[in-house]
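Worksheet: the structure to be examined is printed underneath.
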Amino acid sequence: MRADVQRVTVLGAGSWGTAFAKVLGDAGRDVTMWARREQVAEDIRERHVNSAYLPGVDLPPTVTATSDPAKALHGAEAVVLAVPSQSLRANLTSWRDLLPPGAILVSLAKGVELGTLKRMSEVIAEIVGIDAGEVVVVTGPNLAKEIAAGQPSASVLACADHERAVAIQRACANSYFRPYTNTDVVGCELGGACKNVIALSCGMAAGLGLGTNTMATLITRGLAEMARLGAKLGADPLTFAGLAGVGDLVATCSSPLSRNRTFGERLGRGETLEQAQAAAGGQVAEGVMSCSSIRALARSVGVDMPITDAMHRVCHEGVDPRQAGAELLGRSRKHEWS
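Counting in the working numbering, the sequence shown runs from 106 upward without gaps.
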């Protein structure tokens with residue numbers, strides 16, 4: 106492992122992967138992106154833009170792209186995995202033998218895998234055959250469009266091996282992007298996964314015409330849910346008061362740039378899951394799948410997560426959002442911290 110990382114590969118050319126590639130390029134790194142479609146790779150390589158996923162943003166000249174994963178990974182000192190959480194396993198399995206020995210693996214994915222109920226660092230570790238403590242997790246308020254526009258933002262780089270986190274911190278810190286390190290990978294990953302589900306609920310509330318009090322209630326009670334799950338799984342409670350918890354939760358639940366919030370808003374207005382997906386260009390918000398895997402994870406360890414359960418039932422059991430809201434309000438009354 107090199108302390109000074111210069112050559113970085115970003116596997117995935119969606120909006121967040123492209124924004125993070127720009128962050129790295131603006132920090133002076135040499136970045137090669139892998140795009141599934143050659144047209145996207147050519148757009149980045151020849152015109153230094155990603156018109157398909159992050160239009161209107163000029164990429165640094167040190168950022169290039171290819172649709173050939175072997176070319177993308179050649180000589181990389183760090184590899185950033187920027188694909189959706191539920192497709193990470195399949196993608197990484199196909200890339201595993203191409204990974205350069207000693208490269209630091211970095212995860213941008215936020216979710217819990219369906220079926221295995223594993224966090225993304227655990228999925229990566231299993232496939233590659235390394236310790237999960239070697240994976241660096243990027244989380245926090247990461248709205249791609251704002252970061253790509255150079256608006257001031259902070260994020261968390263979580264890794265049990267602090268030196269690896271510091272190496273990536275040096276590689277991506279620039280004038281507008283301030284990364285902090287954290288060794289609580291469990292808490293940071295759970296915060297990143299759970300906030301997508303809570304953002305769905307906030308979007309549904311907005312779609313139903315509800316206001317600020319409702320949003321504040323969902324955000325704070327959602328925070329309580331993720332903190333309960335984190336505590337049960339060994340996370341540091343302070344993590345949920347930081348960028349990976351409150352920070353990410355507020356950004357994702359309140360911004361119209363949040364795919365999860367806007368997806369939930371469409372459901373709240375009465376659209377079906379299929380209609381909301383079509384309106385989002387065929388893309389499904391991470392929270393739609395994560396509500397099921399997080400619900401299953403919580404149940405497996407005996408943690409009550411009523412908002413997450415409600416989102417699962419709306420998305421996958423056809424429950425009307427109004428009915429789900431009424432059931433949440435009708436739950437038995439209790440002490441706030443019980």
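Every residue gets a Cβ at the ideal spot worked out from N, C-alpha and C, and that includes glycine.
Given the structure is predicted, the values throughout are model-derived calculations rather than measurements.
Identify every residue that forms a DSSP beta bridge with residue i.
| i | result |
| --- | --- |
| THR114 | THR137 and VAL184 |
| SER212 | LEU186 and VAL242 |
| ASN155 | LEU159 |
| VAL217 | ARG224 |
Using the Cβ count rule (16 or more neighbours within 10 Å means buried), how would you classify residue i?
| i | result |
| --- | --- |
| PRO160 | exposed |
| THR221 | exposed |
| PRO426 | buried |
| GLN144 | exposed |
| GLN274 | buried |
| PRO284 | buried |
| ASN318 | exposed |
| PRO166 | exposed |
| LYS300 | buried |
| ALA224 | Sequence check: residue 224 is Arg here, not Ala. When all chains shown are included, ARG224 counts as buried. |
| LYS439 | exposed |
| GLU182 | buried |
| GLY314 | exposed |
| VAL162 | buried |
| ARG400 | buried |
| VAL168 | buried |
| ASP173 | exposed |
| ALA237 | buried |
With residue i as the anchor, note down where its alpha helix (DSSP H) starts and where it stops.
| i | result |
| --- | --- |
| ARG427 | 426–434 |
| SER467 | In this structure the chain extends from 106 to 443, so residue 467 is not present and cannot be described. |
| TRP200 | 193–200 |
| ARG438 | Looking at the DSSP string, ARG438 is not in any alpha helix (DSSP H), and its letter there is neither H nor E. |
| PRO411 | 411–421 |
| HIS267 | 267–277 |
| VAL393 | 391–405 |
| GLY296 | 290–312 |
| GLU231 | 225–233 |
| ASP131 | 120–131 |
| ARG142 | Looking at the DSSP string, ARG142 is not in any alpha helix (DSSP H), and its letter there is neither H nor E. |
| GLU330 | 317–337 |
| VAL355 | 353–359 |
Let's see if you can read the secondary structure: which residues bound the beta strand (DSSP E) around residue i?
| i | result |
| --- | --- |
| ASN287 | 282–287 |
| ALA170 | 168–171 |
Indicate whether residue i and residue j have their beta-carbon atoms separated by less than 8 Å.
| i | j | result |
| --- | --- | --- |
| VAL240 | LEU334 | no |
| VAL243 | LEU213 | yes |
| PHE282 | VAL185 | no |
| ARG366 | ALA321 | no |
| PRO205 | LEU178 | yes |
| ALA187 | VAL115 | yes |
| SER360 | LEU248 | yes |
| ARG150 | ALA170 | yes |
| ARG272 | ILE209 | Note that residue 272 is Ala in the sequence shown, not Arg. In this structure, ILE209 lies closer than 8 Å to ALA272 by Cβ. |
| ARG326 | ILE235 | no |
| GLU391 | MET309 | no |
| THR357 | ASP289 | no |
| ILE232 | ARG194 | yes |
| VAL113 | VAL136 | yes |
Exercise. Indicate whether the contact test is met: 3 or more Cβ pairs, each with one atom in the region 381–396 and one in the region 406–421, closer than 8 Å.
Key: yes
Self-check item: Stretch pair the region 186–206 + the region 246–259: three plus CB contacts closer than 8 Å
Solution: no
Quiz prompt | Three CB pairs or more closer than 8 Å across the region 372–382 and the region 276–294 | solution = no
Quiz prompt | Given 8 Å, three or more beta-carbon pairs between the region 345–353 and the region 291–303 | solution = yes
Quiz item: For the 8 Å Cβ check, are there 3 or more pairs between the region 335–344 and the region 225–235?
Solution: no
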